[in-house]
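Colleague:
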Amino acid sequence: MSALDLAALQSAFPQIPAELPTQGQVIVDLDRGSWREASAEWPKGEKTQAQLYLCGQASAQLVVVCRPLPPNGAPNEGFWSALLGRGAHVLILEDFSKQFFGKGVELFGPDRAAMIAAVQRLMGALGTTELLCCASSGGGPGAIALAAALGGRRLALFSAATILTRDYYDRMFKERFKEKRKVKDEKLDRDRVARHRERMVEALGSQHQFDGRKALSLCPQKVQVRLHYPANLFWDRAWAEHLAGLEGVTLVPHEDLRSHAIAKNEQPDSSLADQELVGWLLQGRLPSSAALPLAA
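In structure tokens, the structure reads:
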């Protein structure tokens, strides 16, 4: 097992502490320039923009998780913790601006391009050649942008936003209120559409707009994508169907699911985390009940 190159890591991210071990499993808080053993308890309520789990082995896979800001920033709790301790490095990014990663991650620079450049530097410092990405909800545009720009091999999405353009949201907002199909929690879903519409005014500045379908279609190396979503929630279904028909994209509808927060509501030992994060994302193993891509 080859040790990490600390000098290369510090060159890419000067905030990485000089006393960081180059072997063993550690978690680095890139916001604060501190580190702790991977097994150490994360202080409750502590939030940071970028947490880097290092597996201690150079050239291992790099997984990037883009997630909306949670109530507790602990990387070793909840759904995404299933990725830790699996022989891969994991970078967990938080969107403090709550603008669907339209501004990327402030720690790395003012926009999405700066975030992409930072992940590219990290890949170089680690010596890794395989990038895997995943996201839920508003983290979708960040993960899609990274995978498309840096040649990600696989991309796992859960109720993820796939597009940030004014024209799209203007059209979909109107469509939602013309839709005849009645679903459970109808008022909740309608209210959620209205709230999204209000947030778009700020989130969709001209420099932040993003079309995941276009980004993935222009990627020379086709990214393999699996997107889980609750089929009976309009917004989640619309986001998913925006990628329908693209080469490499598989949509996985959950007909009986009534919650947008698929990843949030799942436990780290859940079948979904084990199947999609460990089995498919990390190992490339398709579940036996893999859904076929939906038609465009």
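In terms of the UniProt record's numbering, the sequence shown opens at residue 1 and continues consecutively.
Cβ atoms here follow ideal geometry from the backbone N, Cα and C, with glycine treated the same way.
It should be emphasised that the depicted structure is a prediction, and the values quoted were computed from it without experimental measurement.
(1) Taking the alpha carbon of Tyr53 as the reference point, which residue from Asn76, Gly45, Pro43 has its own alpha carbon closest?
(2) Report yes if the CB atom of Leu155 is closer than 8 Å to the CB atom of Ala147, and no otherwise.
(3) Looking at the unbroken beta strand (DSSP E) that takes in Pro110, where does it start and where does it end?
(4) Less than 8 Å separating the beta-carbons of Gly248 and Gly140?
(5) Could you say if the region 44–60 and the region 17–29 meet the contact criterion of at least three C-beta pairs nearer than 8 Å?
(6) When DSSP labels each residue in this structure, what does Gly161 get in the three-state scheme?
(7) Check whether the region 116–131 touches the region 77–86, taking contact to mean three or more Cβ pairs, one atom from each stretch, closer than 8 Å.
(8) With a threshold of 8 Å, are at least 3 pairs of Cβ atoms found where one atom belongs to the region 103–113 and the other to the region 124–133?
(9) In three-state terms, what does DSSP make of Phe79?
(10) Please classify Arg171 as buried or exposed, where buried requires at least 16 other C-beta atoms within 10 Å of its C-beta.
(11) Could you tell me the alpha carbon to alpha carbon distance between Ile163 and Ala240, rounded to whole angstroms?
(12) Going by DSSP, which residues form a beta bridge with Phe210?
(13) Is there at least one non-hydrogen atom of the ligand MG closer than 7 Å to the beta-carbon of Tyr53?
(14) Do Ala145 and Phe210 count as a contact pair if the criterion is CB distance below 8 Å?
(15) From which residue to which residue does the alpha helix (DSSP H) around Gln283 run?
(16) Note down the Cα distance separating Asp256 from Leu62, rounded to an integer number of angstroms.
(17) What span of residues does the beta strand (DSSP E) with Pro68 cover, start to end?
(18) Once the 5 residues before and after Gln15 are set aside, which same chain residues still bring their CB inside 7 Å of it?
(19) Exposed or buried, what is Gly87 when buried is set at 16 or more other beta-carbons lying within 10 Å of its beta-carbon?
Modeller: In this structure, then:
(1) In the sequence shown, counting from the first residue as 1, residue 53 sits at position 53. Ranking Asn76, Gly45, Pro43 by Cα distance to Tyr53 puts Asn76 first.
(2) The residue labelled residue 155 in the question sits at position 155 within the sequence shown. The residue labelled residue 147 in the question sits at position 147 within the sequence shown. For the 8 Å CB-CB criterion, Leu155 and Ala147 form a contact.
(3) Locating residue 110 in the sequence shown gives position 110, where the first residue counts as 1. It is not in any beta strand (DSSP E) - Pro110 carries neither H nor E in the DSSP assignment.
(4) Taking the first residue of the sequence shown as 1, we reach residue 248 at position 248. Taking the first residue of the sequence shown as 1, we reach residue 140 at position 140. Contact flag unset, no.
(5) Touching, per the Cβ criterion.
(6) The residue you call residue 161 lines up with position 161 of the sequence shown. With the sequence shown as reference, residue 161 is identified as Ala, and Gly is not the correct amino acid for it. DSSP places Ala161 in coil when its eight states are reduced to three.
(7) no
(8) no
(9) What you label residue 79 is simply residue 79 of the sequence shown in a count that begins at 1. Phe79: helix per DSSP, three-state reduction.
(10) To locate residue 171, count along the sequence shown from 1; it is residue 171. That one is exposed.
(11) Looking up residue 163 in the sequence shown gives position 163. Looking up residue 240 in the sequence shown gives position 240. Cα atoms of Ile163 and Ala240: separation of roughly 10 Å, rounded to the nearest angstrom.
(12) For the purposes of this step, residue 210 is taken as the residue at position 210 of the sequence shown. In DSSP, Phe210 forms a bridge with Leu164.
(13) Judged by which ligands are present, the structure shown has none, so any question about the ligand MG falls away.
(14) Reading the sequence shown from its first residue, position 210 is the one you call residue 210. Reading the sequence shown from its first residue, position 145 is the one you call residue 145. Yes, Cβ-Cβ distance for Phe210 and Ala145 is below 8 Å.
(15) By 1-based counting over the sequence shown, the position of residue 283 is 283. Taken as a continuous stretch (DSSP letters only), Gln283 belongs to no alpha helix (DSSP H), as it is neither H nor E.
(16) Residue mapping note: residue 256 aligns to position 256 of the sequence shown, counting from 1. Residue mapping note: residue 62 aligns to position 62 of the sequence shown, counting from 1. Between Asp256 and Leu62, the C-alpha separation is close to 33 Å.
(17) Residue mapping note: residue 68 aligns to position 68 of the sequence shown, counting from 1. Membership of Pro68 in the beta strand (DSSP E) is indicated by the continuous run 62–68.
(18) Taking the sequence shown and counting its residues from 1, the one referred to as residue 15 is at position 15. Cβ neighbours of Gln15 beyond the five flanking positions: Leu30, Gly33.
(19) Along the sequence shown, one-based indexing puts residue 87 at 87. It is exposed - the Cβ of Gly87 has fewer than 16 other Cβ atoms within 10 Å.
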